[in-house]
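Okay, structure first, notes after.
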Amino acid sequence: MKSKYSIGILGATGMVGQRFIQLLENHPWFEITWLAASDRSSGKLYGEAAKWRLDTPMPDRIARMTVAPADPAGAPKIIFAALDAGIARDLEPLFANAGCAVVSNSSAYRMAPNVPLVIPEINAEHLHLIEEQPSRRQSGGYMVTNPNCSTIGLVMALKPIEERFGIEQIFVATMQAISGAGYPGVPSMDILGNVIPYIGGEEEKMEAETLKLLGKLEGPAVTPLDARITAHCNRVAVEDGHTESVSIKLGNKLGRPITHDDILAAWADFHPLAGQGLPTAPAQPIEWTPQSDRPQPRLDRNRGNGMAVTVGRLRPCSLLDWKFTVVSHNTIRGAAGAAILNAELLASLNKLQ
Ligand SMILES: NC(=O)c1ccc[n+]([C@@H]2O[C@H](COP(=O)([O-])OP(=O)(O)OC[C@H]3O[C@@H](n4cnc5c(N)ncnc54)[C@H](OP(=O)(O)O)[C@@H]3O)[C@@H](O)[C@H]2O)c1
């Protein structure tokens with residue numbers, strides 16, 4: 048058997064960093080050999096530095112590793128990055144310039160014209176943008192990003208519809224879990240028994256990222272999807288799993304009205320990664336739930352090991368054409384799992400050499 052790729056995690060002690068550790072524990076292709084975080088943590092054993100928040104035990108091997116400083120010297124050439132955007136803006140290019148493949152969760156470079164914003168099921172061809180990055184030519188290193196946690200669920204549900212019928216307008220209202228704010232995140236006195244109708248920058252990110260992801264790669268840049276989108280983002284007292292209420296106005300690609308069954312078939316037939324052997328790819332990326340009170344975050348977020356998104360409540364919309372609900376796991380499909388799937392795709396394309 049081919050030996051595993053040696054990988055590092057930047058921001059290893061945070062919410063997303065911990066998910067990386069959990070999801071990579073028995074990964075067939077990747078092995079964690081380096082963990083880094085802030086000066087508060089570096090030099091400590093991971094087991095002392097990290098306040099472990101997940102419901103599986105911290106792996107012993109990881110607990111005994113020493114947290115390294117966030118410096119490319121001594122780091123492996125494949126880096127999963129889970130840093131706040133302000134820190135990522137400075138650190139991620141340092142690693143890319145030092146020859147690393149930086150597979151990032153942060154928003155710092157998602158909208159940069161030469162940085163791919165990728166969901167493997169949606170727009171794998173956008174990965175070609177890494178060849179436009181100066182670091183790729185100079186050191187071989189590059190940056191690849193995955194979208195915001197709320198964007199991923201939305202775009203997964205929209206893509207098969209856009210492909211078959213076209214989409215002209217999108218309205219989305221989110222109910223986002225508190226784990227999306229990192230740790231310690233939103234103070235309990237603010238969120239318990241409450242809804243906070245504001246998440247800084249989130250609506251702008253959802254709107255811009257959705258159109259880039261559904262856009263077309265044309266030469267050295269992506270032309271965003273020509274559609275109108277508006278997002279309302281709310282923080283709710285749910286631990287994990289983002290819920291989104293979506294209304295859409297369809298295009299006229301088929302030249303006839305689109306039925307309930309047409310949309311269900313578009314979701315059911317969506318298997319763009321079938322046969323590619325990517326270990327983290329769910330067999331059924333979009334799962335339909337027919338019950339009238341589903342999907343719900345507590346009941347549906349772990350479908351497909353947290354990598355499937357669940358859609359339900361498809362019904363006519365009296366303002367646009369159709370409306371539905373989507374649930375996705377924000378720290379798995381929306382963060383660490385998304386980056387791992389991106390890295391698996393890069394490996395399968397021989398771009399992790
Ligand atoms: N949570 C989600 O659902 C989610 C989803 C999608 C994307 N994201 C994005 O993923 C990124 C990480 O989010 P998170 O929720 O994991 O945040 P978090 O829990 O606050 O963790 C932040 C991590 O960054 C490290 N760090 C802080 N300052 C640093 C510095 N100067 N140098 C090196 N490392 C530093 C922290 O290390 P210390 O422990 O040493 O401070 C910690 O490991 C953010 O950009 C976020 O927007 C999060």
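Note that our numbering has the sequence shown beginning at 48, numbered continuously upward.
A virtual CB, placed ideally from N, CA and C, is assigned to each residue, including glycine.
Check: For Val165 and Ala390, the rounded distance between their alpha carbons; Outcome: 11 Å
Check: His74 to Lys51 span [Cα, whole Å]; Outcome: 9 Å
Check: heavy atom of ligand 1 below 7 Å from Ile79 C-beta; Outcome: no
Check: C-alpha distance - Ala129 paired with Pro326, whole-angstrom precision; Outcome: 21 Å
Check: Beta bridge counterpart(s) of Met190 as assigned by DSSP; Outcome: Val149
Check: Opening and closing residue of the alpha helix (DSSP H) in which Arg211 lies; Outcome: Cys196 to Phe212
Check: Where Leu407 falls: helix, strand or coil (DSSP); Outcome: This structure cannot speak to residue 407, because the chain is shown only from 48 to 400.
Check: Ligand 1 heavy atom lying under 7 Å from the CB of Met253; Outcome: no
Check: Beta-carbon proximity list for Met48, same chain, < 8 Å, skipping 5 on both sides; Outcome: Because the pLDDT of Met48 is 47, which lies under 50, any placement of that residue in the model is unreliable, and the number read from its coordinates should be weighed accordingly. No residues qualify anywhere along the chain.
Check: Whole runs of the alpha helix (DSSP H) within the stretch 214-259, excluding any shorter than 4 residues; Outcome: 235-238
Check: Glu249 beta carbon less than 8 Å from that of Cys280; Outcome: yes
Check: Check: Leu138 C-beta below 7 Å from any heavy atom of ligand 1; Outcome: yes
Check: Cβ-Cβ separation, Pro160 to Val191 (assumed contact under 8 Å), whole Å; Outcome: Not a contact, Cβ separation roughly 14 Å.
Check: Residues bridged to Cys280 (per DSSP); Outcome: Thr221
Check: Of the residues Ile214, Gly146 and Ser395, the one placed nearest Leu320, counting alpha carbons only; Outcome: Ser395
Check: Proximal residues to Thr277 (C-beta, below 6 Å), its chain only, five neighbours per side dropped; Outcome: Phe218
Check: Residues bridged to Pro116 (per DSSP); Outcome: Ala84
Check: Other residues of its chain near Ile246: CB distance less than 7 Å, five sequence neighbours each side excluded; Outcome: Gln223, Cys280 and Arg282
Check: Cβ-Cβ separation, Val114 to Ser88 (assumed contact under 8 Å), whole Å; Outcome: 5 Å
Check: Residues bridged to Tyr52 [DSSP beta-bridge criterion]; Outcome: Phe77
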